[in-house]
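J.: Per this note's numbering, the very first residue in the sequence shown carries number 3; after that it's consecutive.
All residues carry an ideal CB built from backbone N, CA and C; glycine is no exception.
Keep in mind the model is a prediction, meaning the values are calculated, not measured.
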Amino acid sequence: MRAEVEFFRKFEKPVPLDSLKLRVTGEDFSTSLSAEDKRAIEDNWGQMLLKHTTIFSKPQGLATFYGSGDTLSYMTTDYATYAAVSRTHEKRTLSNGVYENMRVAAIGAALRFEDGSIFVHRRSYEATHVAGVIDSSCAGVCFVRDGSLSPSQDLAKKCEKELKLEAREYAIEGVSAVHSSYAPDFSGMIDVVLRSNIGRDEFLGRVEGSFPESWIIEEKEMPDFVFHHFAEKGDMVGDGASTLLSALDHRVFLESVQKLQDAGKEIVFIGN
3 MRAEVEFFRK
13 FEKPVPLDSL
23 KLRVTGEDFS
33 TSLSAEDKRA
43 IEDNWGQMLL
53 KHTTIFSKPQ
63 GLATFYGSGD
73 TLSYMTTDYA
83 TYAAVSRTHE
93 KRTLSNGVYE
103 NMRVAAIGAA
113 LRFEDGSIFV
123 HRRSYEATHV
133 AGVIDSSCAG
143 VCFVRDGSLS
153 PSQDLAKKCE
163 KELKLEAREY
173 AIEGVSAVHS
183 SYAPDFSGMI
193 DVVLRSNIGR
203 DEFLGRVEGS
213 FPESWIIEEK
223 EMPDFVFHHF
233 AEKGDMVGDG
243 ASTLLSALDH
253 RVFLESVQKL
263 QDAGKEIVFI
273 GN
């Protein structure tokens, strides 16, 4: 079984998002699925449609991360497959290799205000998967368009939909890390740091009612906040913890990861 969190990249200072080299190959994750896996995925999708009537799944519409060299490599997948992996991981309905190899392409952000504080939210209790847990500022899957990935495009949509921010109201400071979080996230996530030029009070007014719970955490308090919810209370997912900690000073990040490792969290560094 793979580690709870794998870091494939960790930059001491954020690097430009467009400096990442991403490649979507012609391979598709479905080739690794057995007939039983495919039936279980269809069954899970049918159950989801009973409650979430507007969701959709496009063949080869998503990607899953599988290789980290100078270029980050992805094969295609679809939402129905990813959702089944996330939703059935406790019962292990699918073949073990499906859980071990799914790392859906995604982008997560830590939104900073001018004073350095960071917005954090709890996911909706009605979410299709990974419901009701504490996440980063915002996050979402990256879609395959014309055979390639455009994380900046997906990030802009998440900022507009979830954070109610127009493009002129925030800047992308850069990529802080690339990580994968195991169950229930099954992610291959690019972590970015954003900085907003609007005030905290105005921002909170915009997102009021959008999340079941949210916080603005002072930078110096973030390590303890993450440790409490990720290691002690267990209501924060690995994606949220990784994205939030990666946004901090590199020395603080390393100290925080060491503390989590000492507490039993399996966090490993793979590659540079």
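Run through the DSSP bridge pairs and tell me what THR78 is partnered with.
T.: Partner(s): ASP30 and ALA65.
J.: Please classify HIS231 as buried or exposed, where buried requires at least 16 other C-beta atoms within 10 Å of its C-beta.
T.: Buried, since its Cβ has 16 or more Cβ neighbours within 10 Å.
J.: Thinking just about the alpha-carbon of each residue, which of ASP137, GLU171, SER154 and PRO61 is nearest to the one in PHE115?
T.: GLU171
J.: Taking the straight line between their C-alpha atoms, what separation do you get for GLN155 and ARG41?
T.: Cα to Cα, the separation comes out at about 33 Å.
J.: Output the distance between the C-alpha atoms of PHE121 and VAL209, rounded to the nearest integer angstrom.
T.: 11 Å
J.: Taking C-beta to C-beta, are PHE188 and TYR84 nearer than 8 Å?
T.: yes
J.: I'd like to know if the region 242-252 and the region 126-144 are in contact, where contact means that at least 3 CB-CB pairs between them fall below 8 Å.
T.: yes
J.: Tell me, please, whether the region 188-206 touches the region 29-45 by the rule of three or more beta-carbon pairs shorter than 8 Å.
T.: no
J.: Any idea what DSSP makes of ILE43, helix, strand or coil?
T.: helix
J.: Grab me the residues of SER150's own chain with a C-beta within less than 7 Å of its C-beta, minus the 5 sequence neighbours each way, in chain order.
T.: VAL26
J.: Just checking, does the region 55-67 make contact with the region 94-101 on the three C-beta pairs under 8 Å criterion?
T.: no
J.: Using the three-state DSSP reduction, which class does PRO225 fall into: helix, strand or coil?
T.: helix
J.: At what residues does the alpha helix (DSSP H) containing GLY207 begin and finish?
T.: 202-209
J.: Flag this pair as yes or no: are the beta carbons of ARG94 and SER182 separated by less than 8 Å?
T.: In this structure, ARG94 sits away from SER182, with a CB-CB distance that is not shorter than 8 Å.
J.: To which residues of the same chain is HIS54 closer than 8 Å at the C-beta, ignoring the five residues directly before and after it?
T.: THR130
J.: Is the CB-CB distance between ASP124 and PRO214 below 8 Å?
T.: One point to set straight first is that residue 124 is Arg, not Asp, in the sequence displayed. Yes, Cβ-Cβ distance for ARG124 and PRO214 is below 8 Å.
J.: For the candidate residues GLY48, SER216 and GLU44, whose alpha-carbon lies nearest to that of LEU165?
T.: Shortest Cα-Cα distance from LEU165 to any of GLY48, SER216 and GLU44 involves SER216.
J.: Tell whether a beta-carbon distance below 8 Å holds between GLY190 and THR78.
T.: Going by beta carbons, GLY190 and THR78 fall outside the 8 Å limit.
J.: Between the Cα of ALA133 and the Cα atoms of MET238, GLU175 and TYR81, which residue gives the shortest distance?
T.: MET238
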